[in-house]
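Student:
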Amino acid sequence: MTELSNIIAVVGADYSDSVMMIAKKHGARGGTVIGASCSVDEKAAKLYGVDVRPDREIVMLLVKTDLCEAILRDLYAELGLSSPACGIFFTMKVTAASENLLKQYEEQPADDSASGDADGSGEGKRDNVQKENANDIS
Numbered sequence: 001m002t003e004l005s006n007i008i009a010v011v012g013a014d015y016s017d018s019v020m021m022i023a024k025k026h027g028a029r030g031g032t033v034i035g036a037s038c039s040v041d042e043k044a045a046k047l048y049g050v051d052v053r054p055d056r057e058i059v060m061l062l063v064k065t066d067l068c069e070a071i072l073r074d075l076y077a078e079l080g081l082s083s084p085a086c087g088i089f090f091t092m093k094v095t096a097a098s099e100n101l102l103k104q105y106e107e108q109p110a111d112d113s114a115s116g117d118a119d120g121s122g123e124g125k126r127d128n129v130q131k132e133n134a135n136d137i138s
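So the sequence shown is numbered by my numbering: it starts at 1 and just counts up by one.
1) What does the Cβ neighbour count give for E99, buried or exposed, with the cut at 16 atoms within 10 Å?
2) Quick one: residues in its chain with C-beta nearer than 6 Å to the C-beta of V33, no 5 flanking neighbours on either side, listed in chain order?
3) For A13 and Y105, what's the separation of their Cα atoms in angstroms?
4) To the nearest angstrom, how far is the alpha carbon of I8 from that of K43?
5) Please name the residue, chosen from V94, S5, A36, C38, that lies closest to A23 on a Cα-to-Cα basis.
6) What alpha helix (DSSP H) runs, 4 residues minimum, are completely inside the region 58-111?
7) Provide the residue span of the beta strand (DSSP E) that contains S5, from first to last.
8) Quick one: what does DSSP say S39 is sitting in, helix, strand or coil?
9) Measuring only the C-alpha atoms, how far is G30 from L101?
10) Going by C-alpha distance, which of C86, A97, K25 is nearest P54?
11) Give me the residue from A36, S18, S82, A28 with the minimum Cα distance to E69.
12) Which residues in the same chain have their Cβ closer than 7 Å to the Cβ of V19, if we skip the five residues on either side of it in sequence?
13) Where does F90 land, buried or exposed, given buried means 16+ other C-beta within 10 angstroms?
14) Leaving out five residues on either side along the sequence, give the residues of the same chain with a beta carbon under 7 Å from the beta carbon of G35.
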């Protein structure tokens with residue numbers, strides 16, 4: 001079974017798209033965005049030298065564990081505490097998930113029949129349907 005992790009990104013409002021773009025660049029398939037409010041004490045914010053904005057977004061990403069390091073590295077670099085996103089990031093190991101989620105991450109066989117390329121022509125089912133639809137128009 002493929003090992004999965006949940007990356008949690010807490011960023012300023014309007015930065016969830018940036019989180020998703022970085023994660024997808026490394027192979028993430030999607031995520032869930034939740035609106036949130038920050039409740040950090042002003043003294044703590046001054047202690048760490050962080051500009052804490054009250055409006056935040058939480059992005060949860062379910063990814064293969066081997067993708068985490070690269071995703072986190074880019075998230076820290078582009079959206080970390082020293083950026084306007086003022087992001088914090090962490091991961092949690094996933095020990096169980098619903099079957100529909102697990103199926104998305106199962107290793108797919110590398111044979112051409114899965115893409116509809118049963119005859120080895122390089123044309124999948126989608127390509128053939130597009131050609132058929134084009135013929136219907138003429």
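Positions of the beta carbon are idealized from the N, C-alpha and C atoms, including for glycine.
Tutor: Once the coordinates are examined:
1) For the purposes of this step, residue 99 is taken as residue 99 along the sequence shown, with counting starting at 1. The residue in question, E99, is exposed, as its Cβ has fewer than 16 Cβ neighbours within 10 Å.
2) Taking the sequence shown and counting its residues from 1, one reaches residue 33 at position 33. The residues are S16, E57, V59.
3) Position 13 of the sequence shown, counting from 1, holds the residue named residue 13. Position 105 of the sequence shown, counting from 1, holds the residue named residue 105. When rounded, the distance between both Cα atoms is 29 Å.
4) Against the sequence shown, residue 8 aligns to sequence position 8. Against the sequence shown, residue 43 aligns to sequence position 43. When rounded, the distance between both Cα atoms is 25 Å.
5) Stepping through the sequence shown from its first residue, residue 23 is reached at position 23. Comparing Cα-Cα distances from A23 to each of V94, S5, A36, C38, the minimum goes to S5.
6) Correct list: 68-79, 99-104.
7) Against the sequence shown, residue 5 aligns to sequence position 5. Where S5 is concerned, the enclosing beta strand (DSSP E) starts and stops at 4-12.
8) Mapped onto the sequence shown, residue 39 falls at position 39. In the three-state DSSP reduction, S39 falls in the coil class, being neither helix nor strand.
9) Locating residue 30 in the sequence shown gives position 30, counting from the first residue. Locating residue 101 in the sequence shown gives position 101, counting from the first residue. Going from the Cα of G30 to the Cα of L101 covers about 11 Å.
10) Position 54 of the sequence shown holds residue 54. The shortest C-alpha separation from P54 is found at C86.
11) Here residue 69 corresponds to residue number 69 of the sequence shown, with the count starting at 1. Checked all of A36, S18, S82, A28; the closest Cα to E69 is A28.
12) Numbered from 1 along the sequence shown, position 19 holds the residue referred to as residue 19. When the five nearest sequence neighbours on each side are left out, the beta carbons in the same chain lying within less than 7 Å of the beta carbon of V19 are those of A9, V11, V59, L75, L79, in order along the chain.
13) Here residue 90 corresponds to residue number 90 of the sequence shown, with the count starting at 1. Exposed, because fewer than 16 other Cβ atoms sit within 10 Å of the Cβ of F90.
14) As a working mapping, residue 35 is identified with position 35 in the sequence shown. Excluding sequence neighbours, G35 sits near E57.
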